[in-house]
Amino acid sequence: MSDPGMIVLLTVLLPVIGAGLVLLLRKNENAREAATLLTGALTFAHVLALLRLVRAGESPGLDILEVVPNVWLSFEVEPLGMVFALVAGFLWPVTSLYAIGYMRGHHEENQTRFFFFFAIAIAGAMGVAFSANLFTLFVFYEFLTFCTVPLVTHHQSDEAKKSGRIYLGILLTTSVGLQLVAIIWTWVLAGTLDFQAGGILAGTASAGILSAILVLYVYGVGKAALMPFHRWLPAAMVAPTPVSALLHAVAVVKAGVFTVLKISVYVFGVDLLQTLTTTTWLAWAAAVTIILGSLVAFRKDNLKARLAYSTISQLSYIVLGAMLANELGIIGGGMHIAMHAFGKITLFFAAGAIMVAAHEKKISRMHGLGRTMPITFGAFFVGSLSIIGLPPAGGAWSKWFLGMGTLEASQFGLLAVLMLSSLLGLYYLLEVPVKAFFFERPKDAHQQDGVHEAPTPSLIAMCITATATVGLFVWPDLFHELMQMVVSGGVR
Amino acid sequence: MISFALFNYWAVIVLMMVGFYALISRDNLVKKLIGLNIFQTSVIMMYVSFGKISGGTAPILIESGGHGGDGHGVQVAGDAAHAMRDNAEILYSNPIPHVLMLTAIVVGVATLALGLSLVVRIKEAYGTIEEDEITRMDNAA
Amino acid sequence: MSQNLPALLVVVPMMLAPIAALINRSGPAWVIATSGAWFAFGAAVQLLRRVMTEGMIVYSLGGWVAPIGIEYRIDQLAAFVTLIVSAIAAVGVLYARTSVASEIEEDRHALFYAAFLLNVCGLLGIAITGDVFNVFVFLEISSLSAYSMIALGQDRRALTSAFQYLIMGSVGATFIVIGIGLLFVMTGTLGMADLAERIPAIWASGDGDRTIAVAFTFLTVGVTLKLALFPLHLWLPNAYTYAPSAVTGYMAATSTKVSIYLLLRFFFSVFGVEFSFEQMRLDAILMPLALVAILAMSSVAIYQSNVKRLLAFSSVAQIGYMILGISFGSVIGVAAGIIHLFNHALMKGALFMAMGCVMYRIGSVRIEDMKGLGKSMPWTMAAFVGGGLSMIGVPMTVGFVSKWYLLQAAIKGGNWLAAVVVVVGSLMALVYIWKVIEVAYFKRRENDDPIEEAPLSLLIPTWTLVAASFWFGIDAGTTSDVAMSAAESLLGMMQ
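Protein chains in written order, with my numbering: chain A, 1 to 492; chain B, 493 to 633; chain C, 634 to 1128.
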């Protein structure tokens, strides 16, 4: 335990070991789930151990092997990665708890395969968080894409097949077609792929070429769901809800925006970003995605689809933060990774709970459900507040910093976009609890009686994340501190 | 003007084209093989022409009085040899292309044998050796 | 023994072949073929080691020094190709036992193994010889044995495709002979090293330079026919589709690779990079063909319903990648081509072998017959997925390493079109691989007769190649070093 490098390695490997245990214990459901929870808790404990080191100013890391000459598979923990690892590490056991209630309550098939790939995906997310260079990042990024395919296509229906195509198609097209080209271009220009404070690209080529590389990167990270490469995210909603919750509100999508932030800070460097013309364009591209995502969400009646488009919109907040190219934008973007994760996962938990307990997917049929499922809709309300950016939820802080960032960059138009999107969010998210609490249940609704709260494990999980969302409003210091460390290292 | 000195090369080219044309244009598999063989034979002629040196004699080593008897030399009897022994420089044709073509002939025979045996089996399997009919049968299947 | 290793490498399989044919019993013939292939593998490993430490090995056959005798010259590239061929042969022969038993009639087994040994001998011979006419002889040994092995396929179309291959292959070989003859008449030598010295002088003198150019052209066409570069690939899809599964797996991984080696030998070692690329502008013809091969053949592959045929078209596209790398004419480009030569041998071998497992159990490799195989043959289909990931170029597989170097070569050369084509090509690979995966994993079988997993004797060789395709993707240091130093010596031979 004493060697920091080993802790890093263990943090990535523990979920894999957990996956192995899940496979071994497939005969006994309870033991299998216990294994998931236990490894989840252990992984998080390791993340906390790393957090202590990072806060002490260390950057534990380890080189694993040289894949191609001079290109290493290696890990290094720095504050930004820590933010992502903390979020994913904390939410994995919580989601597992939720999944136990959901998968059993929903009588899903192939549960062992589900928990197996779930754990593997977390290993991928941890790998992304701790990668020390672009190559390692790309390896785990692709790894994450492939090991989530069996989760997205879990039901093996025709719809799942179609979604699987869109999912793989878009994520691989962008990553191989744009991101890989950008990475190799970087390698050719800079001769290194290591993440370094202040960036590695400055001064290696003309501003025009660097601008082009930036565009390749930002669009090449398909997981950040910048329009027009966003279609995979709604498609992925055919997956069981825990997958949508953890992977498509937290691990996978956050791996995307995390990559954008990481590249902005450690490959380009904020100073270089400011000088590139495409930075502003990309900020506006993100702004367009924010507004369009909100508008589409506005029109979706299927709750999970609405949440998916809300996610697309919210992810672009983080891209926008990175493209503001100033300290406040980066801090806001990094904090939004955490804040949005807790808020959105609560929303997805609630959506799944409604599906399991009341078998309703459509918002228009949720009238009056709040009376029988008060905890679920209460949690949904708290989550909504965070996404909209209202106190007393954590989202208020990240939006505050992002707003400040737009002011510092003198981009008043972008500030207006943020405002408008919040207003839209106010409507499309709060519509759900309002309908549930203040309207009568329609007469024709099936299962008039017998609708009760979701299974207890799911409820517990929901309460944990809702509480954390509120808690993050009161104590946002940890994430702020980590992000401050990022910018003080990155912005000189 | 076409130089008569290069007559054999023209023959090579004509043969080559005749063979190649037969190979491409014929539907009958045996005729294709014949074309292939003519094509290959033209190359043999080409090599043999390479080896010919005007005025040169058959490349058989004649032991000259000065430095003979090393064991590798071949004793050649006969008047021609005696006559040439007097010349200081003997002009030989280049033997290497001939040797190479021995190999090429063997290869050509092997190819032809394999090709013909394939044709026999195709005839057994399809009942025809016309390429267009075979194609039609394959497409129908 | 170790002194004569270069000769033994070729002679042992050659001598074992008639023995296998004469014994004429399946089991003993297989044992002989196995020992031959594994001997060659061991010898190739030794040779590569020696070449990497001591440099080029020059071996005069029968003690006759060149130019009178035939010389074997083994440099890094030759040793590397020898290793690829013999390694695939060693794995392939293990696989052949069960696969051949189910696909070829009993009384032809011994002849099959004899042909297999001759093929190994021919391919190894091409790789190590330093004499251009000797190249032709070995080329014909390997080709003739290949025709006969293909003709052993179950479907009667195997016969016609073998015949078609025979015609086109013989034309290609004859073109090569013509090229060699013209070179001989201009230089008076057949040794590669001598040719490399004399050709530039003749070219510079301006006397007979046309003959050299014609020789170059004949060799180019002949060799590209043998290696199935688009549009001279027409023999390949049928041959690979209808050949016995064991043959397809082995041939796809070796024979076209050796032809590419031949291309490298002629253009870089014999003619020299300056002549090939600056005077003859080889890149101007090879690069467009390679780009078209990648795009056209990948899209044709997408529309195939027979998986072996699909993989065959994909092979033509992948040959395009290798030629593309070579056509850059830069060290990193040539290295990319050489690395892909190795990597593609591993992944395509694995994919074809997985299809052989499917053939063994369900007797068909049509996509629509593969419904539900993900569940009933999990290891086989997992092997297919593993090989498929490599085709797509997922990181940590060999396919990624190839892509890494190819894209680097394209970007360094400022060739954006090539970079785009490489990327588009790998996305098309995603489509055709995914097509198979989708049917195998998402469709359920209509009838309920149970299908068992393939026997271990097929799975172990298949997984050996899959594992290798991951291993050399994770630790690509060795292959990169060999390919880089081979590329450097190929390009440096001019100076």
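Ideal placement from N, C-alpha and C gives every residue a C-beta, glycine not left out.
- In the DSSP assignment, Leu62 of chain A falls within the unbroken beta strand (DSSP E) covering Gly61 to Val68.
- Note that the stretch 261–281 of chain A touches the stretch 211–222 of chain A; at least 3 beta-carbon pairs, one per stretch, sit closer than 8 Å.
- In this structure, the alpha-carbon of Ile927 of chain C lies about 44 Å from that of Ala338 of chain A.
- Ala861 of chain C and Ile952 of chain C do touch by the CB rule: their CB atoms are close to 6 Å apart, below 8 Å.
- The beta carbon of Asp301 of chain A sits closer than 8 Å to those of Lys362, Ile363 and Ser364, all from its chain and outside the five residues before and after it, given in chain order.
- Chain B places a beta carbon closer than 9 Å to that of Gly814 of chain C, counting this residue as a contact.
- 9 Å or more divides the Cβ of Ala987 of chain C from the Cβ of Met955 of chain C.
- If you ignore the 5 residues before and after Phe769 of chain C, its C-beta comes within less than 8 Å of the C-beta of Ala806, Ile809, Val810 and Ile813, all in its own chain and listed in chain order.
- Contact annotation: in the stretch 759–787 of chain C, residues whose CB is within less than 9 Å of a CB in chain B are Phe766, Phe769, Val770, Glu773, Ile774, Ser776, Leu777, Tyr780, Ser781 and Ala784.
- Listed along chain A, no residue sits closer than 7 Å to Gly1047 of chain C by beta-carbon distance, the nearest being about 10 Å off.
- Along the stretch 595–609 of chain B, the positions whose C-beta sits under 7 Å from a C-beta of chain C are Thr595, Ala596, Val599, Ala602, Thr603, Leu606 and Gly607, read in chain order.
- Looking at C:Ile665, C:Ile1025, C:Leu1091 and C:Val949, the one whose alpha-carbon comes closest to that of Leu180 of chain A is C:Ile1025.
- Legend: CB atoms of the stretch 119–139 of chain A lying less than 8 Å from CB atoms of chain C belong to residues Phe135, Phe138 and Val139.
- At the C-beta level, Val684 of chain C and Gln709 of chain C come within 9 Å of one another.
- Chain A places a beta carbon closer than 9 Å to that of Tyr1074 of chain C, counting this residue as a contact.
- In its chain, beyond the 5 residues on either side, Ile213, Leu216, Tyr217 and Gly220 have a beta carbon closer than 8 Å to the beta carbon of Ala182 of chain A.
- Contact annotation: Phe1075 of chain C and Ala287 of chain A have beta-carbon atoms that are not nearer than 9 Å.
- Along the stretch 512–539 of chain B, going in chain order, the ones with a CB nearer than 7 Å to a CB of chain C are Leu515, Leu521, Lys524, Leu528, Phe531, Gln532, Val535, Met538 and Tyr539.
- Ala1073 of chain C is not a Cβ neighbour of Gly1019 of chain C, given a cutoff of 9 Å.
- A straight-line Cα-Cα distance of about 58 Å links Leu272 of chain A and Tyr875 of chain C.
- When the Cα atoms are used, Gly619 of chain B and Met629 of chain B turn out to be separated by approximately 10 Å.
- Note on Gln314 of chain A: 16 or more other CB atoms within 10 angstroms of its CB, so buried under the neighbour-count rule.
- One thing to note: Ala872 of chain C has its Cβ within 9 Å of the Cβ of Tyr798 of chain C.
- By the Cβ test, the stretch 326–338 of chain A is not in contact with the stretch 411–424 of chain A, since fewer than three Cβ pairs between them sit closer than 8 Å.
- Exposed is the label assigned to Ala602 of chain B, since fewer than 16 other Cβ atoms lie within 10 Å of its Cβ.
- Not a single C-beta of chain C is nearer than 9 Å to the C-beta of Lys361 of chain A.
- Bounds of any alpha helix (DSSP H) do not take in Phe268 of chain A, whose DSSP letter is neither H nor E.
- With contacts defined as CB atoms closer than 9 Å, Met237 of chain A and Thr346 of chain A fail to qualify as a contacting pair.
- Within the stretch 164–203 of chain A, the complete alpha helix (DSSP H) segments at least 4 residues long are 180–190, listed from N- to C-terminus.
- Under the 9 Å criterion on CB atoms, Tyr618 of chain B is classed as interfacial with respect to chain C.
- Put simply, the backbone Cα of Leu1098 of chain C is about 40 Å away from that of Val83 of chain A.
- Judged by DSSP in its simplified three-state form, Arg831 of chain C adopts helix.
- With respect to chain C, the C-beta atom of Asp630 of chain B has a partner C-beta closer than 9 Å.
- A distance below 7 Å between beta-carbons, with the five flanking residues on each side excluded, links Gly5 of chain A to the following residues of its chain, in chain order: Pro60, Gly61 and Leu62.
- Check the Cα spacing between Cys147 of chain A and each of A:Leu134, A:Phe115 and A:Lys162: the tightest is with A:Phe115.
- Residues of the stretch 171–182 of chain A with a C-beta less than 9 Å from any C-beta of chain C: Leu172, Thr173, Val176, Gly177, Leu178, Leu180 and Val181, listed in chain order.
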